[in-house]
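Asks: The structure that follows is given in the form of structure tokens.
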Amino acid sequence: MGNGRRQFKTRDVAWAMAVEGGRIHASDGPSLYALDAATGTEQWRLSTDAWVYALKADRGTVLTATRGGGVQGWEASNGEKLWEVTGAQTDFETAEAGPVIHDGMVYVWQDARLRALDARTGLERWSYPIGDAASCGGVPVRVTPAADGYVYIAAGTRVLAVETGSGRVRWHFEAPAVFLSPPAFAPGPAVTGGGVYLADYLGTVYALDATTGKDRWRIATEARSSIEPVLVAVGNVHVGSGSALYTLDAVTGTPKWRFAAGGDVVGAPVVADGRVHFGSADHVLYTLDAAGGQLRWKLATGGEITGSPVARAGVVYACSKDRCVYALDALKGTGTGNRART
Numbered sequence: 001m002g003n004g005r006r007q008f009k010t011r012d013v014a015w016a017m018a019v020e021g022g023r024i025h026a027s028d029g030p031s032l033y034a035l036d037a038a039t040g041t042e043q044w045r046l047s048t049d050a051w052v053y054a055l056k057a058d059r060g061t062v063l064t065a066t067r068g069g070g071v072q073g074w075e076a077s078n079g080e081k082l083w084e085v086t087g088a089q090t091d092f093e094t095a096e097a098g099p100v101i102h103d104g105m106v107y108v109w110q111d112a113r114l115r116a117l118d119a120r121t122g123l124e125r126w127s128y129p130i131g132d133a134a135s136c137g138g139v140p141v142r143v144t145p146a147a148d149g150y151v152y153i154a155a156g157t158r159v160l161a162v163e164t165g166s167g168r169v170r171w172h173f174e175a176p177a178v179f180l181s182p183p184a185f186a187p188g189p190a191v192t193g194g195g196v197y198l199a200d201y202l203g204t205v206y207a208l209d210a211t212t213g214k215d216r217w218r219i220a221t222e223a224r225s226s227i228e229p230v231l232v233a234v235g236n237v238h239v240g241s242g243s244a245l246y247t248l249d250a251v252t253g254t255p256k257w258r259f260a261a262g263g264d265v266v267g268a269p270v271v272a273d274g275r276v277h278f279g280s281a282d283h284v285l286y287t288l289d290a291a292g293g294q295l296r297w298k299l300a301t302g303g304e305i306t307g308s309p310v311a312r313a314g315v316v317y318a319c320s321k322d323r324c325v326y327a328l329d330a331l332k333g334t335g336t337g338n339r340a341r342t
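Under the numbering used here, the sequence shown is numbered contiguously, ending at residue 342.
Structural data, given as structure tokens:
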């Protein structure tokens with residue numbers, strides 16, 4: 001078992017975290033702050049007008065969503081507020097259902113429409129009538145921008161491919177059960193594992209052709225309450241269903257291995273350097289061999305892991321309800337040697 005340290009102590013539970021540009025951007029609810037990713041030194045901190053429930057960072061912009069329908073853009077280097085919109089959806093104020101930032105664009109579900117905003121100015125570029133919560137099956141709209149110039153959307157039982165530049169719909173797929181998680185996109189042709197992958201609440205995993213939207217295969221796992229996406233990496237599809245992590249062949253859907261954790265899988269797994277890292281409701285961060293599913297190390301924390309771990313440059317970062325952000329050597333599970341209090 002790993003003996004990682006409590007690297008960065010926060011004043012409250014670190015509910016949300018994003019690592020980008022050499023900084024750890026995090027929020028413990030009423031405040032937003034940035035730490036140096038290497039040393040843990042605090043670079044800036046500010047109080048927000050409402051509780052931060054979602055946080056992301058991309059290209060020097062930090063994106064937050066706050067209770068009551070607020071969405072904000074911040075300058076990552078100093079915390080300056082760039083813009084703010086109000087009236088975003090309030091039915092699903094969770095980190096997973098919050099707005100998304102990618103490649104200079106922010107996607108917000110507001111007034112039954114999916115709005116695409118400029119990440120630096122907050123100005124609208126286009127919008128699409130996706131529907132309200134009732135018309136989306138009572139589940140949140142989930143959005144995945146991809147490198148192929150399309151944004152893939154799960155809205156109830158529907159999956160859509162929309163062109164990021166214009167908002168034009170490329171294709172539409174309908175499933176028998178609602179999707180709680182967003183689509184996952186893998187580049188390349190289908191014969192090498194490229195496509196769109198997602199799992200419905202019954203645990204059925206779908207592989208869709210990214211060009212046509214037709215399903216290539218669908219495989220049943222077990223019922224899942226998780227709203228996290230499946231992970232596609234190195235020809236494998238990793239999906240947390242219940243308390244188990246399943247790994248399937250991305251081309252054929254053939255099951256490869258299954259690992260049972262001590263509690264429900266929390267957040268989405270992350271793959272780096274041949275390892276799969278994921279958290280569980282049993283307070284443990286697990287690291288497995290990506291090819292065979294063997295346990296490499298695990299770290300018991302003082303609380304449930306919150307959100308998904310982040311892997312950067314041989315270090316795995318994870319938040320826990322013990323009010324700590326952990327920074328661990330990805331291969332050994334040991335502490336990296338630095339400690340900071342905020």
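By construction, the Cβ of each residue, glycine as well, lies at the ideal position given by its N, Cα and C atoms.
#1: Excluding the 5 residues flanking G156 on each side, which residues of the same chain have their C-beta closer than 7 Å to its C-beta?
#2: Do the CB positions of G242 and A223 come within less than 9 Å of each other?
#3: Since L82 and T61 are thought to touch, with beta carbons under 8 Å apart, how far apart are those beta carbons, to the nearest angstrom?
#4: Is T144 helix, strand or coil when you go by DSSP?
#5: Measure the C-alpha to C-alpha separation of F185 and Y197 and round it to an integer number of angstroms.
#6: Could you work out which residue in V169, K256, W297, G314 is closest to A210 when comparing CA atoms only?
#7: Indicate whether M17 and Y317 have their beta-carbon atoms separated by less than 9 Å.
#8: Alpha carbons only, please: which of G302, G68, S280, T306 is nearest the one belonging to T48?
#9: Name the one or two DSSP bridge partners that W74 has.
#10: In chain order, what residues of the same chain have a beta carbon less than 8 Å from the beta carbon of T212, not counting five sequence neighbours either side?
#11: Please name the residue, chosen from E42, H277, V310, L63, that lies closest to V108 on a Cα-to-Cα basis.
#12: Is L191 helix, strand or coil when you go by DSSP?
#13: At 3 residues or longer, and completely inside the region 224-306: list those beta strand (DSSP E) runs for me, N to C.
#14: Three or more C-beta pairs under 8 Å: does that hold for the region 80-99 against the region 145-152?
#15: Closest to E42 by CA distance: which of Y53, A57, V100, R23 is it?
#16: Decide if E304 is buried, meaning its Cβ has at least 16 other Cβ atoms within 10 Å, or exposed.
#17: Measuring alpha carbon to alpha carbon, tell me which residue in Y53, G165, G21 is nearest N78.
#18: Would S225 be called buried (16 or more neighbouring beta carbons within 10 Å of its own) or exposed?
#19: Taking the beta strand (DSSP E) that D215 belongs to, which residues open and close that run?
#20: Over what stretch of residues does the beta strand (DSSP E) that includes F344 continue unbroken?
#21: If you count every other CB in all the chains shown that lies within 10 Å of the CB of D58, and 16 or more means buried, which is it?
#22: Less than 8 Å between the CB atoms is what I'm expecting for A154 and R142, so what's the real figure, rounded?
#23: Report yes if the CB atom of V106 is closer than 9 Å to the CB atom of A97, and no otherwise.
#24: Check this for me: beta carbons of L295 and V315, under 9 Å apart or not?
#25: Determine which residues share a DSSP beta bridge with W44 and list them.
#26: Should E343 be labelled buried (16 or more other beta-carbon atoms within 10 Å of its own) or exposed?
#27: Give the secondary structure of C136 by DSSP, where H, G and I count as helix, E and B as strand, and everything else as coil.
#28: Output the boundary residues of the beta strand (DSSP E) element that contains I130.
#29: Determine the extent of the beta strand (DSSP E) in which T204 is found, giving its start and end residues.
#30: Who does Q89 pair with in a DSSP beta bridge?
#31: Assuming E96 is part of the beta strand (DSSP E), what are its boundary residues?
Replies: The structure says:
#1: Position 156 of the sequence shown, counting from 1, holds the residue named residue 156. Once the five neighbours on either side are set aside, the close Cβ partners of G156 are C136, G137, V139, V178.
#2: Locating residue 242 in the sequence shown gives position 242, counting from the first residue. Locating residue 223 in the sequence shown gives position 223, counting from the first residue. The answer is yes: Cβ separation under 9 Å.
#3: For the purposes of this step, residue 82 is taken as the residue at position 82 of the sequence shown. For the purposes of this step, residue 61 is taken as the residue at position 61 of the sequence shown. Right, their Cβ atoms sit about 7 Å apart.
#4: The sequence position of residue 144 within the sequence shown is 144, counting from 1. Strand at T144.
#5: Mapped onto the sequence shown, residue 185 falls at position 185. Mapped onto the sequence shown, residue 197 falls at position 197. Straight-line Cα distance between these residues: approximately 6 Å.
#6: Translated into the one-based positions of the sequence shown, residue 210 becomes position 210. If we check each option's Cα against that of A210, V169 comes out closest.
#7: Position 17 of the sequence shown holds residue 17. Position 317 of the sequence shown holds residue 317. It is a contact, given that the beta carbons lie within the stated cut-off.
#8: Numbered from its first residue, the sequence shown carries residue 48 at position 48. Of G302, G68, S280, T306, the residue nearest in Cα terms is G68.
#9: The residue you call residue 74 lines up with position 74 of the sequence shown. Beta-bridge pairing links W74 to V62, K81.
#10: The residue labelled residue 212 in the question sits at position 212 within the sequence shown. These residues qualify, in order along the chain: W171.
#11: Taking the sequence shown and counting its residues from 1, one reaches residue 108 at position 108. Nearest of E42, H277, V310, L63 to V108, Cα basis: L63.
#12: Position 191 of the sequence shown, counted from the start, is the residue given in the question as residue 191. It should be noted that the sequence gives Val, not Leu, for residue 191. Helix, per DSSP.
#13: Within the region 224-306, the complete beta strand (DSSP E) runs of at least 3 residues are 231-233, 236-241, 244-249, 255-260, 265-272, 275-280, 284-289, 295-300.
#14: Not touching, per the Cβ criterion.
#15: As a position in the sequence shown, residue 42 is number 42, starting the count at 1. Its Cα nearest to that of E42, the residue R23 stands out among Y53, A57, V100, R23.
#16: In the sequence shown, counting from the first residue as 1, residue 304 sits at position 304. That one is buried.
#17: If you number the sequence shown from 1, residue 78 lands on position 78. Of the candidates Y53, G165, G21, the one whose C-alpha sits nearest the C-alpha of N78 is G21.
#18: Position 225 of the sequence shown, counted from the first residue, corresponds to residue 225. S225 is exposed by the Cβ-count criterion.
#19: Your numbering for residue 215 matches position 215 in the sequence shown. 215-220 is the extent of the beta strand (DSSP E) around D215.
#20: Past the boundaries of the shown model lies residue 344; the chain is included only from 1 to 342, so the question cannot be answered.
#21: Counting from 1 along the sequence shown, the entry for residue 58 is found at position 58. By the neighbour-count rule (16 or more Cβ atoms within 10 Å), D58 is buried.
#22: If you number the sequence shown from 1, residue 154 lands on position 154. If you number the sequence shown from 1, residue 142 lands on position 142. Yes, they are in contact, since the Cβ atoms of A154 and R142 sit about 4 Å apart, within 8 Å.
#23: Walking along the sequence shown from the start, residue 106 turns up at place 106. Walking along the sequence shown from the start, residue 97 turns up at place 97. Their beta carbons are not under 9 Å apart, which means V106 does not touch A97 by this criterion.
#24: Within the sequence shown, numbered from 1, the residue matching residue 295 stands at position 295. Within the sequence shown, numbered from 1, the residue matching residue 315 stands at position 315. No, these two residues do not count as a Cβ contact at 9 Å.
#25: Here residue 44 refers to the residue found at position 44 when the sequence shown is read from its first residue. Note: W44 sits in a beta bridge opposite A34.
#26: Here the chain has residues from 1 to 342 only, and residue 343 is not among them.
#27: As a working mapping, residue 136 is identified with position 136 in the sequence shown. Three-state result, C136: coil.
#28: Locating residue 130 in the sequence shown gives position 130, counting from the first residue. Premise fails: I130 is in no beta strand (DSSP E) and is neither H nor E.
#29: Against the sequence shown, residue 204 aligns to sequence position 204. Unbroken beta strand (DSSP E) run through T204: 204-208.
#30: Reading the sequence shown from its first residue, position 89 is the one you call residue 89. Per DSSP, none; premise fails for Q89.
#31: The sequence position of residue 96 within the sequence shown is 96, counting from 1. Element bounds for E96: n/a, residue is neither H nor E.
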